[in-house]
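Enquirer:
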Amino acid sequence: MEQDRPMHIPAAAAVLCSATLLLTAVLATHAQNTTMTTLPSSSTSCDPAMCGGLRIKYPFWLGGTHPPVCGYRAFQVTCDRNGTASLRNSIWTYQITEISYGNDSGTFRVANTDLSDGSCDIILKVNASSDLGYAPFGISGTNQKLFFLYNCTDLEAQPLPLAWAPVNCTNANASIFNSFALLAGGDKPDNKWEPIPGSCTVSMMPVLGYPGATGADYRRLMNSGFLVEYTADDCRACEESGGFCRINTTYDIFECRCSDGMSDSIICHSSGNSSGSSIPGLKNFEFFVV
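According to mature numbering (1 follows the signal peptide of the UniProt record, and there is no 0), the sequence shown holds residues -31 to -1, 1 to 259 in order.
#1: Do Leu115 and Leu152 count as a contact pair if the criterion is CB distance below 8 Å?
#2: Applying the criterion that 16 or more other CB atoms from any shown protein chain within 10 Å of the CB defines a buried residue, is Tyr179 buried or exposed?
#3: Please go through the same chain and pick out, in chain order, the residues whose beta-carbon is closer than 6 Å to the beta-carbon of Thr82, but skip the five residues on each side of it.
#4: Looking at the secondary structure, which residues open and close the alpha helix (DSSP H) in which Leu190 lies?
#5: Relative to the C-alpha of Ser99, which residue among Leu23, Val197, Ala150 and His238 is closest?
#6: Hey, is the region 175 to 194 in contact with the region 46 to 59, meaning 3+ C-beta pairs nearer than 8 Å?
#7: If we call anything under 8 Å between Cβ atoms a contact, is Pro105 one with Thr200?
#8: On the CB-based measure, 16 or more other CB atoms within 10 Å of its CB, does Met174 come out buried or exposed?
#9: In or out: Leu190 buried (at least 16 other Cβ within 10 Å) or exposed?
#10: Taking the beta carbon of Ile213 as the centre, do at least 16 other beta carbons fall within 10 Å, making it buried, or is it exposed?
#11: Looking only at C-alpha atoms, which of Cys169, Glu208 and Lys26 sits nearest to Tyr70?
#12: In whole angstroms, give me the CA-to-CA distance for Phe146 and Ala132.
#13: First and last residue of the alpha helix (DSSP H) that includes Arg57?
#14: What does Val176 pair with, by DSSP beta-bridge criteria?
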């Protein structure tokens, strides 16, 4: 019986087989890379999301749920396991309790959770809303001003105003003494209050306030938060023209994404000539289409 012999493959066939395998591997790798670099294209990727009872949508976006193209950098929101929403890109921790959406402007209510316990160690060092000035927000004139006066000296010169409420700083640094809270009106010109007697260091935070509130209610006032105003490009016009509101994450600016490309304005053109960019130098830049 003839023994089995090894099967020999002609050299040309072996080369062809190797080339085929190599080509297959290259195509597979290319397909994989193409898939990995393709940006989300679903029109639902920026649909509103919930954090607790709060509805998050443009110009806000929920980190971990929405891609960054769904909203401006400063409007990123985080949501913890308890369903508490907070502004992501800020020095202090601002818990968002309400959002009122408008076409190109709106308001939202925040509470500074770093200060809500009334600890003088933190409250009396800086103005509690100072870092919001670096973001596209504005403190609403509806708020009142909660002043903290500390390290006051020469208080014997004249009696303290009745509106001054002592602040409990028992857990504070020993260098902080003679501390008081004073609730003043909003930002209207006619809101005046008495000059500060003696010499005090002063810090301030806005509070929304409520009827009958005084400086003695400083803990409740801080927990209730304050109102912040914002402006953003009008998303409604883009959506009504058939587009999707997105953000250029490189320049943090608004873009209207249309079915045939990116609009060169805030709406999609019915003529179909909507490709291109309003940003100089980005003619050949690739954007995903939704």
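Glycine included, each C-beta is placed from N, C-alpha and C at the ideal position.
Expert: Walking through what the data contain:
#1: As a working note, residue 152 is residue 183 in the sequence shown. As a working note, residue 115 is residue 146 in the sequence shown. The answer is yes: Cβ separation under 8 Å.
#2: Walking along the sequence shown from the start, residue 179 turns up at place 210. By the 10 Å Cβ count, Tyr179 comes out exposed.
#3: For the purposes of this step, residue 82 is identified with residue 113 of the sequence shown, where counting begins at 1. So the list reads Thr62 and Gln64, once near-sequence residues are dropped.
#4: As a first step, residue 190 must be located in the sequence shown, where it is residue number 221. Looking at the DSSP string, the run of the alpha helix (DSSP H) that includes Leu190 is Tyr187 to Ser193.
#5: Working through the sequence shown from its first residue, we reach residue 99 at position 130. Selected option, being the one with the closest Cα: Val197.
#6: no
#7: Along the sequence shown, one-based indexing puts residue 105 at 136. Along the sequence shown, one-based indexing puts residue 200 at 231. Yes, the Cβ-Cβ distance between Pro105 and Thr200 is below 8 Å.
#8: As a working note, residue 174 is residue 205 in the sequence shown. The residue in question, Met174, is buried, as its Cβ has 16 or more Cβ neighbours within 10 Å.
#9: For the purposes of this step, residue 190 is taken as residue 221 along the sequence shown, with counting starting at 1. When all chains shown are included, Leu190 counts as buried.
#10: The sequence position of residue 213 within the sequence shown is 244, counting from 1. One point to set straight first is that residue 213 is Phe, not Ile, in the sequence displayed. So Phe213 counts as buried.
#11: Numbered from its first residue, the sequence shown carries residue 70 at position 101. Among Cys169, Glu208 and Lys26, the Cα nearest to that of Tyr70 is on Lys26.
#12: Against the sequence shown, residue 146 aligns to sequence position 177. Against the sequence shown, residue 132 aligns to sequence position 163. Roughly 18 Å separates the two Cα atoms.
#13: As a working mapping, residue 57 is identified with position 88 in the sequence shown. It is not in any alpha helix (DSSP H) - Arg57 carries neither H nor E in the DSSP assignment.
#14: As a position in the sequence shown, residue 176 is number 207, starting the count at 1. Bridge partners of Val176: Gln113.
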